[in-house]
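To convert, note that position 95 of the sequence shown is 95 in the UniProt record's numbering; the numbers rise steadily by one, no gaps. Every residue gets a Cβ at the ideal spot worked out from N, C-alpha and C, and that includes glycine. This report concerns only the one structure given below.
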Amino acid sequence: MGFSAALSSAVAVLLAVATLIGIGQVEGSIHTYEDDSFKEVGNAFLLSGGSEGIVASGGGNSFIRFKNITFWRTNEAAELHSSMEHSTGLVQAIIFEAADRDNIGGSAYGGQRSICCTPDLAKLEGCKQGYVIRRPSSVNPEWPVVINTYFSANLLYAPMDDRDVYITKTGMYNLFFISCDPKLRDLTMAGMAYWKNPDGYLPGRMAPLMNFYIFMSVAYLLLGIIWFSQYMRFWKDILPLQNWITLVIALGLFEMTLWYFEYLNFNSTGARPVGITTWVVTVGAVRKTVSRLLLLSVSMGYGVVRPTLGGLTSKVLLLGVTYFLASELLDITENVGTINDISGKTRLFLVLPDAFLDAFLILWIFTSLSRTLEKLQARRSSVKLEIYRKFTNALAVCVIASVAWIAYEVYFKATDPFSERWQSAWIITAFWDILSFALLCVLCYLWGPSQSSQRYAYSGEADADDEEAQSLTKGMADGNIGLTKVEKKERNDDDDDDDAYDIEAEVEEDKRE
């Protein structure tokens, strides 16, 4: 059947497997607080305890558990009270669904919104001054949940009672620790909050990705089996370009498998292991870097139009190192040891270098492709030209799809500021892995190992000879072999000097670039 037919069959199998892989159960995570400080927000001191999507469970397996949480105030705040007093400071834990966010806080006479009850709001809404304003949910009057913890006498600390808050409605839940007491400035806390669903601790927005990485591992494995079987079958005719494709397939399989086990471990323990997470993001950064350099090298005609990259090698390597560092920094910041999404400003600062390098790579790739196509047209290499035209079309489709998806991602996040569509957020991440895999399949299809692989390789002579060989074969079938031989001889005699000139010109061009 050949590599292209086998690859088509594999893609069909993958599509069938994809329909069988469900989204999976939504999980949770463990949030650890280590002397975290409260920040002044309006008339309150506030600390965000986490935000996760949780699915409801009738068996009590979905909950938020508070464990070993202790609040600490300053010596100055403690000395304002005597040892005989009872309640000398209040901290409240507030849990609410994103849909009920307007049930927290209020505004008097259309003024600035306040989290804590003020004298004016106490008259208007009947809230208790010094407490968080809380209105019952229209769905469940017991929500939002408020848990009070009081400081006693002049003690520096106030332990919060261990407690489980069971989730009976699927949604995006938010946890905040709030103090309305102006005397509790510089408040800190320590402890843990367990966010859990029936099957583990993996955050809701990430849970579908665990099954997705199983699918991608199977996809890379099937592609690798097909590619390696062809590779071993025609190992005598293997091109350097095909060796690089083999490396990308291996890195992709390794990366997807590592991601799956990293998520599996996260789901079991509730914490992201720094070691395995660092490994997986590093492998991913290497895979993305090698993939981009492979596309750039193919566009330059490496192994097909030119034997080496010549004077461009150092520039390509410098770009690769720069891209690896930018990608590694972004991935480590987003994944290593973290549970919540990084803030918008921080992510923007890290994404910009990565996006700039990608844009520069795309520009360089299409510029190089244009030159390569011109060379192939000038040499009348119709076989190679057809392959490069298909490659150009595939690359153009990927670029258009990337731009469209970036626009969709911006729209998705702009229209969902409170992450209420968390159950479908995994698609944003998955798309880029699918696109990379699809482009890799295109490369495997166009440059798959075969008995005619050497026809696509660079040779010191003009590539027109390949076309003449095809004409000779056709002439033998039609009985016109004599005429073809004469034409070939005359053309070779006329083009010998041109061929030598073309090779010298390429060398000079490489040096200039």
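Ignore the nearest five residues each way along the sequence and tell me which others in residue i's own chain have a CB closer than 8 Å to its CB.
| i | result |
| --- | --- |
| glutamine 451 | Phe234, Asp237 |
| glycine 59 | Pro198 |
| leucine 385 | Leu373, Leu376, Gln377 |
| cysteine 398 | Leu435, Ala438, Leu439 |
| glutamine 112 | Gly42 |
Which same chain residues end up closer than 6 Å to residue i when comparing Cβ atoms and leaving out the 5 residues on each side of it in sequence?
| i | result |
| --- | --- |
| tyrosine 323 | Thr289, Leu357 |
| aspartate 478 | Confidence in aspartate 478 is poor, its pLDDT being 46 and thus under 50, which makes the residue's placement unreliable; the coordinate value appears in the next sentence. So no residue of the chain qualifies. |
| asparagine 61 | Pro198 |
| lysine 489 | In this predicted model, lysine 489 has a pLDDT of only 43, less than 50, meaning its place in the structure is not dependable; the value taken from the coordinates is given anyway. So the list is empty, once near-sequence residues are dropped. |
| arginine 65 | Asp164, Tyr194 |
| glutamate 125 | Gly106 |
| alanine 425 | Arg205 |
| glutamate 487 | Note that glutamate 487 scores 42 on pLDDT, short of 50, meaning its location in the model is unreliable; the coordinates nonetheless yield the value given after this. Cβ neighbours of glutamate 487 beyond the five flanking positions: none. |
| lysine 315 | none |
Can you tell me where the alpha helix (DSSP H) holding residue i begins and where it ends?
| i | result |
| --- | --- |
| leucine 223 | 207–233 |
| alanine 285 | 274–299 |
| isoleucine 245 | 240–269 |
| asparagine 75 | 75–78 |
| tryptophan 432 | 426–446 |
| isoleucine 406 | 382–414 |
| aspartate 331 | 313–335 |
Considering residue i, what are the terminal residues of the beta strand (DSSP E) in which it resides?
| i | result |
| --- | --- |
| valine 146 | 145–152 |
| threonine 51 | Per the sequence shown, residue 51 should be read as serine rather than threonine. Looking at the DSSP string, the run of the beta strand (DSSP E) that includes serine 51 is 44–54. |
| alanine 90 | Checking the sequence, you will find leucine at residue 90 rather than alanine. Looking at the DSSP string, the run of the beta strand (DSSP E) that includes leucine 90 is 87–97. |
| serine 37 | 29–37 |
| isoleucine 69 | 63–72 |
Since residue i and residue j are thought to touch, with beta carbons under 8 Å apart, how far apart are those beta carbons, to the nearest angstrom?
| i | j | result |
| --- | --- | --- |
| serine 327 | alanine 285 | 4 Å |
| cysteine 117 | alanine 44 | Between alanine 44 and cysteine 117 the Cβ distance is about 10 Å, and since that is not below 8 Å, they are no contact. |
| isoleucine 249 | leucine 223 | 6 Å |
| arginine 135 | valine 146 | At roughly 11 Å, the Cβ-Cβ gap does not stay under 8 Å, so arginine 135 and valine 146 are not in contact. |
| alanine 99 | glutamate 420 | 7 Å |
| aspartate 181 | glycine 130 | 7 Å |
| phenylalanine 176 | leucine 47 | 7 Å |
| residue 563 | asparagine 154 | Absent from the structure is residue 563, since the part of the chain shown begins at 1 and ends at 513. |
Can the beta-carbon of residue i be found closer than 8 Å to that of residue j?
| i | j | result |
| --- | --- | --- |
| leucine 376 | valine 305 | yes |
| glycine 53 | glutamine 423 | yes |
| leucine 296 | leucine 361 | yes |
| isoleucine 104 | valine 132 | yes |
| tryptophan 72 | leucine 156 | yes |
| tyrosine 173 | leucine 90 | no |
| leucine 293 | glycine 320 | yes |
| alanine 190 | tyrosine 33 | yes |
| methionine 210 | tyrosine 260 | yes |
| tyrosine 302 | leucine 264 | no |
| glutamine 92 | asparagine 140 | no |
| phenylalanine 431 | tryptophan 405 | yes |
| leucine 350 | leucine 369 | no |
| valine 336 | threonine 278 | yes |
| valine 298 | phenylalanine 366 | no |
| threonine 70 | methionine 160 | yes |
| leucine 202 | serine 29 | yes |
| valine 55 | threonine 168 | no |
| phenylalanine 38 | serine 179 | yes |
| serine 138 | glycine 42 | no |
| tryptophan 143 | glutamate 85 | no |
Identify, in the order they occur along the chain, each residue of the same chain with its Cβ nearer than 7 Å to the Cβ of residue i, setting aside the five sequence neighbours on each side.
| i | result |
| --- | --- |
| methionine 256 | Tyr213, Met216, Ser217, Tyr220 |
| aspartate 341 | Reliability fails at aspartate 341, whose pLDDT of 48 lies under 50, so the model's placement of it is uncertain and no value is given. |
| aspartate 331 | Val281, Gly284, Ala285 |
| leucine 251 | Val283, Val286, Arg287, Val290 |
| leucine 247 | Val290 |
| leucine 80 | Lys183 |
| phenylalanine 412 | Ile428 |
| glycine 50 | His31, Leu175, Ala193, Trp195, Asn340 |
| aspartate 36 | Leu47, Thr188, Met189 |
| glycine 344 | At glycine 344 the pLDDT is 49, less than 50, meaning the model places this residue with poor confidence and gives no usable figure here. |
Whole runs of the beta strand (DSSP E) within the segment 123–200, excluding any shorter than 3 residues:
145–152, 157–159, 163–166, 171–179, 188–196
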